[in-house]
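Chains as they are written, first to last, in this note's numbering: chain X, 1 to 370; chain Z, 1001 to 1118.
To start, the structure itself, in structure tokens.
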Amino acid sequence: MFDYTYLPSPNLLPSLVEMMLKIIFICTMNMAVFAPVLGWVERKQSALMQDRIGANRAEIFGFTVFGLLHVATDALKLLFKEDFIPRGADRPLHYLAPFIAVVPALVAFAVIPFGGKYMLWGHEANLVIADLNVGMLYIFAVASLSTYGAVIGGWASNNSWSLLGGLRVGAQMLSYEVAMGLTLVGVFMVYGSLQLTTIGMAQENFFHWGIFLQPLGFILFITCALAENKRTPFDIPEAESELIAGYFTEYSGLKFAMFWMSEFLEMVTISAVLVALFFGGWQIPFISHQGLIDAMGHLFGPNFGAIVAMLIHVVVFWVKVISWIVILMLIRWSLPRFRFDQVMRLGWKIVLPLALANIVVTGFILLAVR
Amino acid sequence: MLNQYIPVLVMTLAACGTAAGMIIMTTIMGPKKEFEEKMEPFECGVTPVSDPKSRFGVRFYLVAMLFIVFDIEAVFLFPWAAVFRDLGMFGLMEMMVFILVLTVGLAYVWKKGALEWE
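Below you can see the structure in the form of structure tokens.
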């Protein structure tokens, strides 16, 4: 028999198991599902939109599975590709840049709830990796770190185009970070919290979803989020026709893949934040959180009922997130690229004043209806 | 209180491990064939004509400075927003003054042309 007496509390073991399961679940979703498959989704979706066929060549015994095997071939190709570092490059920083780009993209997901709280055999499972009371502030803090990855990558490559791309990344992401923080202040005022689980529970009523209470905040936030994600129409840092590939021009193999992956993971995080703040998180419209648990409890008994309710909520959350990823990809393949001065003007002269006005108006309305 | 951050730490370690593993793998797995012309930085197939480590536009520094000013002011708004309902009218008026100062700053920067890009 293993001796558990050294554990400080009897609840520690279930909590530890719960924590590890949640971390493994999120890391698997991000690294094994979203990061590789979104590349395929993007290729297929752009092909569909441009009346092409898209990835369809990779096959095993004649089966192409809609080109899904390209996911595997891409990974193998990138793994066995030469890791190229140009002459005169700053080698340590060249190694460090993709590392800094990918770590925040993975870690930012920690505070986003993908389900509510459920009682399972006397243990309360809370479906969020870290239920921090600073919530969104943590996401802002971590996500802004990925700017360093891009800027350092551009600087370390000893390439004029990379450096220009890196500078543009810096200017663009810093500008939109200010605006992004301010766009969400209205949401925090409405729900009175920065904690995403609290905001999620407050959206139990369908008409209390953030999209209804903060419509302007939503439009401004999605603008800033697209800009932070560095994808078209805000992809001037990596504008192919002027800067080759911008800050990751001199990257190849898995180091290139890491920049590419961080972009997709950021897109997943953005979609998850959008869902958590504006689209009710894991909540189903017109069905309360406890109501679903009780209904399932009648059908399957208290513990298994809670598990079924939990699974339903998790699936609802991911369906919402995937819908948003598809919409973000539609935007990326529909709009042309903005010029740099247009991007900066939008950030400082339109989004920022509107975000400030949103705070003032939200404040007065909240006091008026109280 | 601090216990909440243990999962964040575990996840950060996992992410760092994954990222480091990928960098190590790509370094040892791929072939290495180096020769003089190939190691040039890529500039559309032409020998690079300018050294990238030279001076660049001062406007990028300006954006960074503006960012620090406005982002610190934005950080003050977060705790205020969280307790907004408890503070009521007093809190709103206080913050209106703060936002007014912020707006005056923005207007000044705007007027001075710091937000213009040629």
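The C-beta atom is built at its ideal place from N, Cα and C for all residues, glycine as well.
In this text, all values refer to a predicted model and were calculated from it rather than measured experimentally.
- In chain order, MET1039, GLU1040 make up the part of chain Z whose C-beta sits under 7 Å from the C-beta of ARG87 (chain X).
- If you draw a straight line from the Cα of LEU292 (chain X) to the Cα of TRP161 (chain X), it comes to about 55 Å.
- Uninterrupted beta strand (DSSP E) stretches at least 3 residues long and entirely within the segment 39–124 of chain X occur at 117–120, given in chain order.
- Bridge pairing for ASN126 (chain X): X:LYS117 [DSSP].
- With a contact defined as Cβ atoms closer than 8 Å, GLU250 (chain X) and PRO86 (chain X) qualify at about 5 Å.
- Residues are counted here when their Cβ sits less than 7 Å from a Cβ of chain Z; for the segment 243–265 of chain X these are ILE244, THR249, GLU250, GLY253, LEU254, LYS255, MET258, given in chain order.
- Put simply, the CB of GLY1105 (chain Z) is far from chain X, with every gap to its CB atoms at 7 Å or more.
- Interface criterion not met: the Cβ of SER146 (chain X) is under 7 Å from no Cβ in chain Z.
- When the beta-carbon positions are compared, ALA130 (chain X) and VAL1008 (chain Z) come within less than 7 Å of each other.
- When only Cα atoms are considered, GLY166 (chain X) and THR147 (chain X) end up about 9 Å apart.
- Around the CB of ALA141 (chain X), fewer than 16 other CB atoms lie within 10 Å, so the residue is classed as exposed.
- Taking the CA atoms as reference points, ASP90 (chain X) sits about 17 Å from LYS1038 (chain Z).
- Per DSSP, THR1018 (chain Z) is one residue of the alpha helix (DSSP H) stretching across 1006–1029.
- Ranked by Cα distance from LEU226 (chain X), the options X:PHE188, X:PHE259, X:VAL268 are led by X:VAL268.
- Cβ neighbours of LEU356 (chain X) within its own chain (closer than 8 Å, five residues either side excluded): LEU182.
- According to DSSP, residue pairing for ILE365 (chain X) in a beta bridge does not occur.
- For ILE244 (chain X), the secondary structure class from DSSP, reduced to helix, strand or coil, is coil.
- Nearest neighbour of ALA143 (chain X) by Cα position, chosen from X:GLU177, X:GLY301, X:LEU330, turns out to be X:GLU177.
- Within chain Z, the residues whose beta carbon sits less than 9 Å from that of ILE23 (chain X) are PRO1007, VAL1010, MET1011, ALA1014, listed in sequence order.
- Sequence-distant partners of MET296 (chain X) (beyond 5 residues in either direction) whose C-beta falls short of 6 Å from its own C-beta, in its chain, are GLY305, VAL308, ALA309.
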